[in-house]
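What follows is a short report on a single structure.
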Amino acid sequence: MNRFVRMTLAVGATLALTQALAVTRGGTLVYGRYADSLFLDPVLNDANLDIWILTNLYDTLLQPSSNGKGVQPGLATNYTVSSDGRSLKLTLRPGIKFADGSAITAQDVKWSLDRARKPDNGDWSGSLASIDSITASGGTVTLALKRPDPTLPAALATFNAAIMPQKLFEAAPGKNDAEKAKAFAEKPIGSGPFVLSDWKRGSSMTLKRNPYYWKKGADGKALPYLDAIRFEIIPDDNTRILKLQSGEIQGAEFIPLARVNELKANPKLNMQLFPSTKVNNILMNNRPKLNNGSANPLSDVRVRQALNYATNKDALIQIVTYGTGKPMKSYMSSTTPLYDTTQKGYPYDLAKAKQLLAAAGFANGFEVSCLATSGSADDLALLTALQQMWGAVGVRLKIEQLDAASKTARYRANDFQMRTAAWTNDINDPSQITTYYAIYDNVESVHTGFKNAELEKIFAQSQQETSRVKRAAQYRQIQSIYMNAAPIVFLYETPYPVALQKNVKGFVQIPLGNNIFTETYLDK
Amino acid sequence: MRATYVLKRLLQIIPTFIAVMVIVFLLVRLLPGDPASAILGDRATPEIIERTKRELGLDRPIPVQFLLFAERLLHGDLGESSSLKVPVLRLVAERLPVTLFLTVYAAVLGVILAVPLAVLAAVRRNTWVDSLIRGIFQVGLSLPVFYVALQFLTLLGAKLAWFPIGGYGEGLGGHLYHLFLPALTLGFNLAAILLRTLRSAILEVLTAEYVEFARSKGLKSAVVMSRHVLRNAMISTVTLLGLNVGALIGGAVITESVFAIPGVGRLMIDAIFGRDYPVIQGLTLVFAVLVSLVFLVTDLVHARLDPRVEHA
């Protein structure tokens, strides 16, 4: 080691130490949410309002890494996959405890995973479907698999695979799992960094520090740094921002993108744009006929491609996302593992769009209608801009505004020509979005009706492919086929906009959307 | 006489209740979409939706669903929220006091604002004072509630920091403090409505012979105003106040959203968007009873102010 390297290391160590010493413990962070959680059972819920805060209450064996690309240790210190890919062995962290101080045993792990993978128990059992049986002994848990499953580590880092205390859950009142879950979720005990201490539905939720949490902070003592987090439910965007500006709250989620630049300029605030897995797009009905029996121009791939070429994404990013978005170049976000960086997407090219439309027999354009969510300023801004853009190639866009539930009902009945849509991943793996967007048998490829035999064959192989390199190659093919077929109008990716007081440090919203307060502290 | 009248009126609530019960039960089911789809969002597969519908009892024929709903209601059970998984009664018990507090607070502020200003405007009629008072409230009436709310929030909350920005607070003092701006928003609107009626009523009464007589007896003008003029002028205003308070109970939705108040108005809106049938049904029934009660009280006060009104 030469002197320069030694000196650099010494400076680095000093800096790290200074930073560690600078961490402040204690205090309550008040965080403004736009809506309250609904139901705090990890297995039986399916709403982002719950999912995005659940990991603060319930820890998992593995955790999603904060860049969204992989997993890191959680309640398990490590995992190994057997050479034939048919078994996965996890080593539990010694001395781990639930928030009530009782020990987390291998039996709790087995019971939790068995509950989560039971078919018909919640909507997420499929993520653990490759597990054949689970054996628990001492500090290890072994999962015997029906087939090799490259998605399993990511699935074990997902909220539904949270480890729960079997005894406490079973002691909860109720005749069956669903009733016990309701009772348990009123005052849940998990092993996340925080534990629920008070919940006034629709108004506020207070999480207290879990003194038994396993992870150590920069100062060598147990995390979390905060004594408590109080979520205040403030549905109105303006009010949430006013409360933040006046210092009544220290953080606010879902800042409207229109106000990001204004808050960035505020010296008291730290306007964060966390990279997300959110893709915004327009789903097209790819079927030859619409529900009313009329012919559907969107069934022609050339028409779908033409609309993609006629979409000026850079302009939309300015108009709708105020410059915060970036163009979609695959159906999955660029933050998704195995996203193919060589994808080009559809550049804005009016000449090509006209040429494709003419080839499809629509030189004079056609009329098309798109469902939008009523009251959504973003939908309206987007679609009125698209009216102008597509008007240039003769396509006349009609906007049909519906409330969310009516829109969903029409969508489920395949009774639409186009609709606005957005997606975020819940698991650090591309298989989830692929199953929904590209595989017909699940939900008819998000009801577009898109079906491609070659893509489905490659996908089936990728679901058992344990080599990451080979799986990446398969996903490159999948993304190329999908891009060519253009079942959707590719728009843009948008970040999670969170505004914090300047003294709030160490908060992160990971690309999946989970709010991580484990290492958050209030600087003096 | 009065007791039988009250009893009779209370009994009249029962058919209203039943009518509301049937209508709301059918209406929510006419809305496009259903609770299962609303809970599960866009992603759920048809199998999961079917399963959830079964769990919620929505796979049964509608008459059967209605009978089950009616049977539970007879046992005082409003059912369980399909999205929040807690009993509707508990939600009502948590949220209704908040809205009632806000409503009464707003009504009190509205009356405190309207009565003296109406008297002043009437006494100084057609002067600049009258024009100013009427002008301010005319503008207040024509501005949307959310706009007035935001102006109060920005000026009195954020800029001057006299009041907290939204929330409900703890304890009576906390509630009074936190709810001042939302109550003022609603009260301002209410005062604008009351002021016009009250001013013209006062003007009308002021020209009545018995007022002339009271004055000629040598009574002080304050006494004439409070005992003879206001009492008579208030009659129509009380009815108007009753009608508007009834509307406020379910109608404070925008105010509750802007000021982040966990009341029933917001609960109702969330329930409608979430197609939460039990919550919509339960809240509508609670509103129906409350509004009927408010109207009953209004009529009783009306009768007290105006002995000519017979309880028939």
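If you read the protein sequences in the order shown, they are chains P and Y.
Everything in the first sequence is counted per our numbering, starting at 9 for the first residue and increasing by one.
Everything in the second sequence is counted per our numbering, starting at 23 for the first residue and increasing by one.
Each residue gets a CB set at the ideal place from its N, CA and C atoms; glycine is no exception.
Values in this document were obtained by computation on a predicted structure and should not be read as measured data.
Beta-carbon separation (whole angstroms), residue i vs residue j, contact threshold 8 Å
i, j, result
"P:ASN293", "P:LEU281", "Wrong, their Cβ atoms sit about 33 Å apart, outside the cutoff."
"P:LEU62", "P:PRO50", "6 Å"
"P:LEU69", "P:ILE237", "Contact doesn't hold; Cβ gap of about 24 Å is too wide."
"Y:GLY285", "Y:ARG117", "6 Å"
"Y:SER279", "P:ASP244", "5 Å"
"P:THR285", "P:ASN433", "4 Å"
"Y:LEU178", "Y:LEU203", "6 Å"
"Y:ALA10", "Y:LEU135", "Outside the displayed range of chain Y (23 to 334) lies residue 10 of chain Y, so it cannot be described from this structure."
"P:LEU291", "P:VAL516", "About 31 Å; that fails the 8 Å criterion."
"Y:GLY304", "Y:LEU100", "4 Å"
"P:ASN64", "P:PHE202", "5 Å"
"P:SER45", "P:LEU37", "Wrong, their Cβ atoms sit about 17 Å apart, outside the cutoff."
Beta-carbon spacing of residue i, residue j below 8 Å
i, j, result
"P:ALA461", "P:TYR490", "no"
"Y:MET43", "Y:LEU307", "yes"
"Y:GLY268", "Y:VAL227", "no"
"P:LEU231", "P:VAL328", "no"
"P:THR502", "P:GLY514", "no"
"P:PHE543", "Y:LYS107", "Summary: the structure shown does not reach residue 543 of chain P, with chain P confined to residues 9 through 532, and so no result is reported for it."
"Y:ALA293", "Y:ILE283", "no"
"P:LEU252", "P:THR332", "no"
"P:GLU256", "Y:ILE187", "yes"
"P:GLY5", "P:TYR66", "Summary: the structure shown does not reach residue 5 of chain P, with chain P confined to residues 9 through 532, and so no result is reported for it."
"Y:LEU289", "P:GLY210", "yes"
"P:ASP387", "P:THR428", "yes"
"Y:ASP298", "Y:SER59", "no"
"P:ALA493", "Y:PHE295", "no"
"Y:ALA144", "Y:LEU225", "yes"
"P:VAL79", "P:PRO196", "no"
"Y:PHE210", "Y:VAL260", "no"
"P:ALA314", "P:LEU364", "yes"
"Y:ILE45", "Y:SER105", "no"
"P:SER74", "P:ILE518", "yes"
"Y:VAL120", "Y:TYR190", "yes"
"Y:ILE257", "Y:ASP328", "yes"
task: With 8 Å as the C-beta to C-beta threshold (strictly closer), list the residues of the segment 118-133 of chain Y near chain P in chain order.
output: Those residues of the segment 118-133 of chain Y that come within reach of chain P (Cβ to Cβ, closer than 8 Å) do not exist; the list is empty.
task: Could you tell me which uninterrupted beta strand (DSSP E) segments, each at least 3 residues in length, are contained entirely in the segment 395-443 of chain P, listed from first to last along the chain?
output: Counting whole runs of 3 or more residues, the segment 395-443 of chain P contains the beta strand (DSSP E) stretches 404-410, 426-431.
message: Across the segment 338-356 of chain P and the segment 367-380 of chain P, are there enough close Cβ pairs to call them in contact, namely three or more that are closer than 8 Å?
response: Look at the beta carbons and you see the segment 338-356 of chain P not touching the segment 367-380 of chain P: under three pairs across the two are nearer than 8 Å.
- request: Scan the segment 219-239 of chain Y for residues whose Cβ lies nearer than 7 Å to a Cβ of chain P and list them as they occur along the chain.
  value: Listed in sequence order: no entries.
- prompt: If contact means a Cβ-Cβ distance below 8 Å, which residues of the segment 172-187 of chain Y contact chain C?
  reply: The chain inventory of the structure shown lacks chain C, comprising the protein chains P and Y.
field: Those runs of the beta strand (DSSP E) which lie wholly inside the segment 198-279 of chain P and span at least 3 residues
entry: Correct list: 202-208, 212-217, 236-241.
message: Using a Cβ distance threshold of 8 Å, determine whether the segment 438-451 of chain P contacts the segment 317-329 of chain P, with at least three qualifying pairs required.
response: Cβ pair count under 8 Å is below three, so no.
- prompt: In chain order, what residues of the segment 249-261 of chain P put their CB closer than 7 Å to some CB of chain Y?
  reply: Along the segment 249-261 of chain P, the positions whose C-beta sits under 7 Å from a C-beta of chain Y are LEU250, LYS251, GLN253, SER254, GLU256, read in chain order.
task: For the segment 204-216 of chain P, enumerate the residues whose C-beta is nearer than 8 Å to any C-beta of chain Y, in chain order.
output: If the cut-off is 8 Å between Cβ atoms, the segment 204-216 of chain P has LYS208, ARG209, GLY210, SER211 near chain Y.
task: Determine which residues of the segment 32-62 of chain Y have a Cβ less than 8 Å from any Cβ of chain P, and write them out in chain order.
output: Look at the segment 32-62 of chain Y: the residues with a C-beta under 8 Å from a C-beta of chain P are LEU53, PRO54, GLY55, ASP56, SER59, ALA60, ILE61, LEU62.
- prompt: Taking three-plus beta-carbon pairs below 8 Å as touching, is the segment 407-422 of chain P in contact with the segment 141-153 of chain P?
  reply: Segments in contact, no.
field: Stretch-stretch touch, CB-based, cutoff 8 Å, three pairs: the segment 255-271 of chain P with the segment 502-513 of chain P
entry: Taking 8 Å as the limit for Cβ pairs, the verdict is that the segment 502-513 of chain P does touch the segment 255-271 of chain P.
task: Spell out a yes or no on whether the segment 34-43 of chain Y and the segment 392-412 of chain P are touching, meaning 3 or more CB-CB pairs, one atom from each, closer than 8 Å.
output: The segment 34-43 of chain Y and the segment 392-412 of chain P do not touch, with fewer than 3 CB-CB distances between them shorter than 8 Å.
- prompt: Taking the runs of the beta strand (DSSP E) that are 3 residues or longer, which of them lie wholly in the segment 333-392 of chain P?
  reply: 375-381, all fully within the segment 333-392 of chain P.
Cβ pair count under 8 Å reaching 3, the segment 128-143 of chain P against the segment 219-229 of chain P: Remark: fewer than three beta-carbon pairs, one from each stretch, lie closer than 8 Å, so the segment 128-143 of chain P and the segment 219-229 of chain P are not flagged as touching.
task: Taking a Cβ distance cut-off of 9 Å, strictly less, list which residues of the segment 400-425 of chain P are near chain Y, in chain order.
output: Going along the segment 400-425 of chain P in chain order, one finds LEU410, ASP411, ALA412, ALA413, SER414, LYS415, THR416, ALA417, ARG418, TYR419, ARG420 with a Cβ nearer than 9 Å to chain Y.
- request: Give a yes or no on contact between the segment 171-182 of chain P and the segment 76-91 of chain Y, applying the rule of three or more CB pairs nearer than 8 Å.
  value: Touching, no, given that fewer than three Cβ pairs across the two stretches are closer than 8 Å.
Three or more C-beta pairs below 8 Å linking the segment 161-171 of chain P and the segment 29-38 of chain P: Too few Cβ pairs lie closer than 8 Å, so no.
query: Using 8 Å as the threshold, is the segment 105-125 of chain P in touch with the segment 88-96 of chain P, meaning 3 or more CB pairs across them?
result: Output reads no: the segment 88-96 of chain P does not touch the segment 105-125 of chain P.
- prompt: At what residue ranges does the segment 44-129 of chain P contain a whole run of the beta strand (DSSP E), taking only runs of 3 or more?
  reply: As far as the segment 44-129 of chain P is concerned, its whole beta strand (DSSP E) runs of at least 3 residues are 70-72, 79-81, 84-89, 95-100.
message: Three Cβ pairs or more, each shorter than 8 Å: is that satisfied between the segment 87-96 of chain Y and the segment 236-247 of chain Y?
response: Look at the beta carbons and you see the segment 87-96 of chain Y not touching the segment 236-247 of chain Y: under three pairs across the two are nearer than 8 Å.
task: Please specify which runs of the beta strand (DSSP E), each continuous and at least 3 residues long, are wholly inside the segment 128-197 of chain Y, giving them in chain order.
output: Qualifying beta strand (DSSP E) stretches: none in this window.
- request: Please name the residues in the segment 101-120 of chain Y whose beta-carbon is closer than 8 Å to at least one beta-carbon of chain P, in chain order.
  value: Taking 8 Å as the upper bound on Cβ-Cβ separation, chain P lies near residues SER105, LEU106, LYS107, VAL108, LEU113, GLU116, ARG117 of the segment 101-120 of chain Y.
query: Which full runs of the beta strand (DSSP E) of 3+ residues lie inside the segment 463-508 of chain P, going along the chain?
result: Counting whole runs of 3 or more residues, the segment 463-508 of chain P contains the beta strand (DSSP E) stretches 496-501.
query: Does the pairing of the segment 480-489 of chain P with the segment 266-276 of chain P give three or more beta-carbon distances under 8 Å?
result: By the Cβ rule, the segment 480-489 of chain P does not count as touching the segment 266-276 of chain P, because fewer than three pairs are nearer than 8 Å.
- request: Answer yes if the segment 296-311 of chain P comes into contact with the segment 347-361 of chain P, meaning at least three C-beta pairs across the two stretches below 8 Å, and no otherwise.
  value: At 8 Å Cβ cutoff, the stretches do not touch.
task: Check whether the segment 216-236 of chain Y touches the segment 137-151 of chain Y, taking contact to mean three or more Cβ pairs, one atom from each stretch, closer than 8 Å.
output: Yes: at least three Cβ pairs fall under 8 Å.
- request: Could you pull out every unbroken beta strand (DSSP E) segment of at least 3 residues lying fully inside the segment 127-169 of chain P, listed in chain order?
  value: Taking 3 residues as the shortest admissible run, the segment 127-169 of chain P contains the following complete beta strand (DSSP E) segments, listed from N- to C-terminal end: 139-145, 148-153.
field: Contact list for the segment 232-247 of chain P against chain Y, Cβ threshold 9 Å
entry: Interface annotation for the segment 232-247 of chain P against chain Y: GLU240, ILE241, ILE242, PRO243, ASP244, ASN246, THR247, criterion Cβ-Cβ distance under 9 Å.
query: Which runs of the beta strand (DSSP E), 3 residues or longer, sit entirely within the segment 254-325 of chain Y?
result: The qualifying runs do not exist here; there are none.
query: What residues in the segment 443-456 of chain P bring their beta carbon closer than 8 Å to a beta carbon of chain Y?
result: Flagged, chain order: TYR444, ASN450, VAL451, VAL454.
Proximal residues, the segment 52-77 of chain P versus chain Y, C-beta separation under 8 Å: If the cut-off is 8 Å between Cβ atoms, the segment 52-77 of chain P has ASP54, ALA55 near chain Y.
field: Interface residues of the segment 106-140 of chain P facing chain Y [CB-CB below 8 Å]
entry: For the segment 106-140 of chain P, the set of residues with a beta-carbon nearer than 8 Å to any beta-carbon of chain Y comprises ASP128, ASP131, in chain order.
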